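What follows is a single structure, written as C-alpha coordinates, with notes after it.
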Amino acid sequence: MLDAYEEQILRHLQKDGRASTQELSEAVSLSASPCWRRVKKLEEEGYIKRYAAIVDGKKLGLNALAYVHVSLIEHSEAAIKKFYSFIETSERVIECSSITGEFDFVLKVAATDPENLEQFIMQRILRLGVVRTTTTTFILRQNKVAGPLPVGL
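FYI, in this note's numbering the residues of the sequence shown are 261 to 413.
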(Lines of atoms letter the chains of each structure in order from A and count residues from 1; the text may use other names and numbers.)
(Lines give C-alpha, C1' and ligand atoms only; values in the text may rest on other atoms or scores of the structure.)
Protein backbone atom coordinates (compact mmCIF):
# COMPACT_ATOMS: atom_id res chain seq x y z
CA MET A 1 0.00 0.00 0.00
CA LEU A 2 1.15 3.49 -0.80
CA ASP A 3 0.83 6.28 1.69
CA ALA A 4 -0.39 9.78 0.83
CA TYR A 5 3.14 11.12 0.29
CA GLU A 6 4.04 8.31 -2.11
CA GLU A 7 0.84 8.89 -4.06
CA GLN A 8 1.65 12.59 -4.33
CA ILE A 9 5.21 11.79 -5.42
CA LEU A 10 3.93 9.51 -8.18
CA ARG A 11 1.41 12.10 -9.37
CA HIS A 12 4.09 14.79 -9.50
CA LEU A 13 6.73 12.63 -11.22
CA GLN A 14 4.24 11.62 -13.91
CA LYS A 15 3.87 15.30 -14.75
CA ASP A 16 7.55 16.19 -14.37
CA GLY A 17 9.97 13.28 -14.36
CA ARG A 18 12.93 15.68 -14.21
CA ALA A 19 11.87 17.29 -10.94
CA SER A 20 14.77 17.55 -8.53
CA THR A 21 14.48 16.08 -5.05
CA GLN A 22 14.15 19.61 -3.70
CA GLU A 23 11.35 20.52 -6.13
CA LEU A 24 9.61 17.24 -5.42
CA SER A 25 9.90 17.63 -1.65
CA GLU A 26 8.41 21.15 -1.86
CA ALA A 27 5.57 19.93 -4.10
CA VAL A 28 4.56 17.17 -1.67
CA SER A 29 5.39 19.07 1.57
CA LEU A 30 8.04 16.67 2.79
CA SER A 31 11.69 17.33 3.60
CA ALA A 32 14.28 16.33 1.00
CA SER A 33 15.82 13.23 2.65
CA PRO A 34 12.55 11.38 3.37
CA CYS A 35 11.30 12.38 -0.09
CA TRP A 36 14.44 10.97 -1.74
CA ARG A 37 14.11 7.74 0.26
CA ARG A 38 10.50 7.35 -0.83
CA VAL A 39 11.42 7.88 -4.49
CA LYS A 40 14.15 5.23 -4.19
CA LYS A 41 11.67 2.85 -2.56
CA LEU A 42 9.12 3.46 -5.35
CA GLU A 43 11.84 2.71 -7.91
CA GLU A 44 13.03 -0.44 -6.12
CA GLU A 45 9.50 -1.78 -5.68
CA GLY A 46 8.74 -1.23 -9.38
CA TYR A 47 6.12 1.51 -9.05
CA ILE A 48 8.44 3.70 -11.13
CA LYS A 49 9.50 1.59 -14.10
CA ARG A 50 11.70 4.11 -15.89
CA TYR A 51 12.14 7.77 -16.78
CA ALA A 52 11.74 9.02 -20.35
CA ALA A 53 11.37 12.14 -22.44
CA ILE A 54 8.21 12.64 -24.50
CA VAL A 55 9.41 13.51 -27.99
CA ASP A 56 7.43 15.28 -30.73
CA GLY A 57 7.08 12.68 -33.50
CA LYS A 58 6.29 15.27 -36.16
CA LYS A 59 9.65 16.97 -35.53
CA LEU A 60 11.23 13.56 -36.31
CA GLY A 61 9.26 13.27 -39.55
CA LEU A 62 6.84 10.68 -38.16
CA ASN A 63 3.66 12.00 -39.75
CA ALA A 64 1.64 8.78 -39.69
CA LEU A 65 0.52 6.97 -36.58
CA ALA A 66 -1.82 4.02 -36.76
CA TYR A 67 -3.34 1.21 -34.77
CA VAL A 68 -2.65 -2.09 -36.50
CA HIS A 69 -4.88 -4.93 -35.35
CA VAL A 70 -3.16 -8.28 -35.80
CA SER A 71 -4.57 -11.80 -35.95
CA LEU A 72 -2.13 -14.71 -35.76
CA ILE A 73 -2.40 -17.82 -37.93
CA GLU A 74 -2.00 -20.06 -34.90
CA HIS A 75 -1.42 -19.62 -31.21
CA SER A 76 1.44 -22.04 -30.74
CA GLU A 77 4.24 -21.14 -28.35
CA ALA A 78 6.66 -20.81 -31.28
CA ALA A 79 4.36 -18.44 -33.21
CA ILE A 80 3.73 -16.22 -30.21
CA LYS A 81 7.44 -16.18 -29.32
CA LYS A 82 8.34 -15.16 -32.89
CA PHE A 83 5.74 -12.38 -32.84
CA TYR A 84 6.89 -11.08 -29.43
CA SER A 85 10.51 -11.15 -30.57
CA PHE A 86 9.59 -9.03 -33.60
CA ILE A 87 7.67 -6.56 -31.43
CA GLU A 88 10.54 -6.19 -28.96
CA THR A 89 13.07 -5.39 -31.70
CA SER A 90 10.92 -3.10 -33.86
CA GLU A 91 11.35 0.59 -33.03
CA ARG A 92 8.32 1.47 -35.16
CA VAL A 93 6.02 -0.41 -32.79
CA ILE A 94 5.38 2.05 -29.99
CA GLU A 95 2.87 -0.09 -28.10
CA CYS A 96 1.64 -3.67 -28.25
CA SER A 97 -1.35 -5.04 -26.35
CA SER A 98 -3.01 -8.42 -26.46
CA ILE A 99 -6.74 -7.88 -26.79
CA THR A 100 -10.06 -9.68 -26.75
CA GLY A 101 -12.34 -9.98 -29.75
CA GLU A 102 -11.68 -10.66 -33.40
CA PHE A 103 -7.95 -9.85 -33.26
CA ASP A 104 -5.16 -11.07 -31.01
CA PHE A 105 -3.10 -7.87 -30.70
CA VAL A 106 -3.28 -4.16 -31.37
CA LEU A 107 -0.07 -2.32 -32.21
CA LYS A 108 0.52 1.42 -32.23
CA VAL A 109 2.91 2.00 -35.11
CA ALA A 110 4.82 5.12 -36.21
CA ALA A 111 5.77 5.83 -39.83
CA THR A 112 6.86 8.76 -41.97
CA ASP A 113 3.74 8.57 -44.17
CA PRO A 114 0.95 6.12 -45.14
CA GLU A 115 3.09 4.49 -47.84
CA ASN A 116 5.88 3.91 -45.34
CA LEU A 117 3.39 2.28 -42.98
CA GLU A 118 2.06 0.07 -45.77
CA GLN A 119 5.60 -1.03 -46.57
CA PHE A 120 6.22 -1.88 -42.90
CA ILE A 121 3.04 -3.95 -42.70
CA MET A 122 3.58 -5.78 -45.99
CA GLN A 123 7.33 -6.38 -45.76
CA ARG A 124 7.81 -6.81 -42.03
CA ILE A 125 4.62 -7.81 -40.22
CA LEU A 126 2.98 -10.03 -42.83
CA ARG A 127 6.27 -11.65 -43.85
CA LEU A 128 6.82 -12.93 -40.32
CA GLY A 129 4.94 -16.02 -41.37
CA VAL A 130 2.81 -16.08 -38.21
CA VAL A 131 0.31 -13.30 -39.00
CA ARG A 132 -3.01 -14.20 -40.64
CA THR A 133 -4.36 -10.72 -41.19
CA THR A 134 -4.10 -7.09 -40.17
CA THR A 135 -6.50 -4.17 -40.12
CA THR A 136 -5.19 -0.63 -39.88
CA THR A 137 -6.81 2.46 -38.41
CA PHE A 138 -4.97 5.75 -38.93
CA ILE A 139 -4.80 8.19 -36.05
CA LEU A 140 -5.97 11.58 -37.31
CA ARG A 141 -5.24 13.60 -34.17
CA GLN A 142 -4.12 12.68 -30.68
CA ASN A 143 -6.06 14.62 -28.10
CA LYS A 144 -4.36 13.14 -25.06
CA VAL A 145 -0.98 11.42 -25.11
CA ALA A 146 0.76 9.59 -22.25
CA GLY A 147 -1.60 10.97 -19.65
CA PRO A 148 -0.65 10.24 -16.07
CA LEU A 149 -2.16 7.13 -14.49
CA PRO A 150 -4.68 7.73 -11.71
CA VAL A 151 -2.97 7.16 -8.37
CA GLY A 152 -4.87 6.15 -5.25
CA LEU A 153 -8.05 4.75 -6.79
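Glycine is no exception: its CB is placed at the ideal position from the N, C-alpha and C atoms.
Every value quoted in this text rests on a predicted model; they were computed, and no experiment measured them.
Bounding residues of the alpha helix (DSSP H) (the contiguous stretch that carries residue i)
i      : result
Tyr327 : Tyr327 -> not in any alpha helix (DSSP H); beta strand (DSSP E) instead, spanning Ala324 to Leu332.
Arg271 : Ala264 to Lys275
Three-state secondary structure assigned by DSSP to residue i
i      : result
Ala292 : helix
Glu378 : helix
Glu428 : Residue coverage of the chain in this structure runs from 261 to 413, which leaves residue 428 outside it and unanswerable.
Val299 : helix
Thr360 : coil
Residue i - containing beta strand (DSSP E), residue span
i      : result
Ala371 : Phe365 to Ala371
Burial state of residue i, where buried means 16 or more other Cβ atoms lie within 10 Å
i      : result
Leu268 : Leu is not the amino acid found at residue 268; the sequence shown has Gln there. Looking at its Cβ environment, which holds 16 or more other Cβ atoms inside 10 Å, Gln268 is buried.
Glu304 : exposed
Phe398 : exposed
Glu266 : buried
Ala312 : exposed
Alpha-carbon to alpha-carbon, residue j and residue i
i      : j      : result
Val405 : Pro374 : 21 Å
Are at least three pairs of beta-carbons, each pair with one atom in the stretch 277-286 and one in the stretch 333-344, less than 8 Å apart?
-> no
Please determine if the stretch 340-351 and the stretch 294-301 are in contact, where contact requires at least 3 C-beta pairs separated by less than 8 Å. no
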